[in-house]
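Peer 1: For the sequence shown, full-length UniProt numbering gives the first residue as 1, with consecutive numbering after it.
Right, I'll just put the structure down here and ask away after.
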Amino acid sequence: MTHRDILVTGGAGFIGRNMIRGLLDDGYTITSLDNYKIGGWEHVPASLRDHVEWVEGDTRDLELLTKTVRGKDAVLHLAAPSSFLMYEEDPVDGASVTTHGFLNVLEAMRRGDVGKLVYASTSAVYEGNPVPYTEGMELAPPDLKALSKKWNEEVARQYSERYGMTAIGMRPFSVYGHDEFSKGGYANVISLFVWAVLHDVTPVVWGDGRQTRDFIYVEDAGRAFQRALECELPTQEFNVGTGVETTFSEVLAMIGEELGRPVAPRYVDVPIAIYAERLWADITRARDVLGFRHRIDVREGVRRVIEAARAARTSPRWNTLGAAQMYFETLPRG
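This is the structure:
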């Protein structure tokens, strides 16, 4: 394997810090570029702080990015708003970070002769297609986040064809895990439900609870990115999922079973115009080409989220998390 000295953009984020832990365990040298907008430096575990070169900055700063990427073997690009709520809240900044920042990454790599990029796209590019979602589907993204990510994929292919670099696009499905506290109201619904129940707050479910997600644990998602980094592949895209659909009602039942008490949610009308009723990944390409399969099923993942939440009860931020599921109510409507 040749890609040992890596730049990770968004390395302090939820997926980033979990991915970096696995990379360090496997002997990589890591530089992280992050603006610490979501959560901040305080959410970077002490175990990582002295083993990574942490650079504070924004991917829209081409001069800084060009300097930081110089001499690296590859780039893992995660720096972009992760939740559709972020784009609803500030569409201009969301699209700017996603597109401008991504183009800067490609251009900095071109200038620095760095030939391998693995980057985060999104499963939202598929919305409007029938499930399960396969990588070869025609894409017509219905919202700004998905459209921005689709643009990234197209630009990545252009740079690949013109300049000979390899750009592997990863399309994560519903990523969740034990340390989403830094994301607050932007967190995955599994974390939001657990936090609410542990605060004796009624979980709120949009619709009837039969909507599904392909939930993938954050450590598994990080392993998928690492597999894409380590495999010698041409430019292409991969689904990052488990191939398993789980309903919101099933998640709530699991939480209740793990806590030993029933969970009775409150059902409300879906408050947004664009909403996926089903997310389900076809994992054939990831399995056959990357050799990737998930290790942590939803039941075990729910158990880990509960354990982490119980351990966080002494943290200063704990008291704010019970109401985090209602963050969307603060967004402007229009």
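Every residue, glycine too, gets a C-beta built ideally from N, C-alpha and C.
This one's a predicted model, so the numbers in the text were calculated from it and none came from an experiment.
In terms of residues, what are the limits of the alpha helix (DSSP H) holding Arg227?
Peer 2: That run of the alpha helix (DSSP H) goes 218–230.
Peer 1: Is it true that the CB of Arg70 sits closer than 8 Å to the CB of Gly112?
Peer 2: yes
Peer 1: Mind checking which residues open and close the beta strand (DSSP E) that includes Met170?
Peer 2: 166–172
Peer 1: Rounded to whole angstroms, what is the Cα-Cα separation between Met1 and Pro234?
Peer 2: Confidence is the limiting factor: at Met1 the pLDDT is only 48, short of 50, which leaves the residue's position unreliable and the question unanswerable from this model.
Peer 1: Is Asn239 helix, strand or coil by DSSP?
Peer 2: DSSP places Asn239 in strand when its eight states are reduced to three.
Peer 1: Going by alpha carbons, who is nearest to Val298 out of Pro130, Ser83, Asp143, Ser174?
Peer 2: Ser174
Peer 1: Would you list the one or two residues that DSSP bridges to Ser32?
Peer 2: Within the DSSP secondary-structure output, Ser32 pairs in a beta bridge with Val8, Trp54.
Peer 1: Going by alpha carbons, who is nearest to Ile168 out of Leu229, Pro265, Glu258?
Peer 2: Leu229
Peer 1: Measure the C-alpha to C-alpha separation of Glu127 and Ala276 and round it to an integer number of angstroms.
Peer 2: 7 Å
Peer 1: Using only the alpha-carbon positions, how far apart do Arg310 and Asp90 sit?
Peer 2: Cα-Cα distance, rounded: 32 Å.
Peer 1: Rounded to the nearest angstrom, what separates Thr29 and His77 at their Cα positions?
Peer 2: 16 Å
Peer 1: Report the partner residues of Tyr267 according to the DSSP bridge assignment.
Peer 2: In the DSSP output, where bridge partners are listed per residue, Tyr267 has Val205.
Peer 1: Based on Cα-Cα distance, which residue from Asn152, Tyr176, Asn129 lies nearest to Glu300?
Peer 2: Tyr176
Peer 1: Please return the same chain residues whose Cβ sits closer than 8 Å to the Cβ of Tyr186, not counting the five positions on each side in sequence.
Peer 2: Ile38, Ser82, Ser83, Leu85, Met86, Tyr327
Peer 1: Going by the DSSP bridge assignment, what does His77 pair with across the sheet?
Peer 2: Thr9, Tyr119
Peer 1: Name the two residues that bound the continuous alpha helix (DSSP H) containing Gly301.
Peer 2: 298–311
Peer 1: Report buried or exposed for Thr68, applying the criterion of at least 16 other Cβ atoms within 10 angstroms of its Cβ.
Peer 2: Thr68 sits buried, since 16 or more C-beta atoms from the chains shown fall within 10 Å of its C-beta.
Peer 1: Do Gly322 and Ala281 have their CB atoms nearer than 8 Å?
Peer 2: The answer is no: Cβ separation not under 8 Å.
Peer 1: Tell me which residue opens and which closes the alpha helix (DSSP H) that Pro91 is part of.
Peer 2: 91–112
Peer 1: Could you spell out the range, first to last residue, of the alpha helix (DSSP H) harbouring Ile190?
Peer 2: 189–198
Peer 1: On the premise that Val204 lies in contact with Pro265, defined as a C-beta separation below 8 Å, what is that separation, rounded to the nearest angstrom?
Peer 2: With 8 Å as the limit, Pro265 and Val204 qualify as a contact, their Cβ atoms being about 7 Å apart.
Peer 1: Of all the options Met109, Glu42, His199, which has the alpha carbon lying nearest to the alpha carbon of Arg313?
Peer 2: Nearest of Met109, Glu42, His199 to Arg313, Cα basis: His199.
Peer 1: Is the segment 134–150 touching the segment 188–198 in the sense that three or more CB pairs, one from each, lie closer than 8 Å?
Peer 2: no
Peer 1: Please classify Ile272 as buried or exposed, where buried requires at least 16 neighbouring CB atoms within 10 angstroms.
Peer 2: exposed
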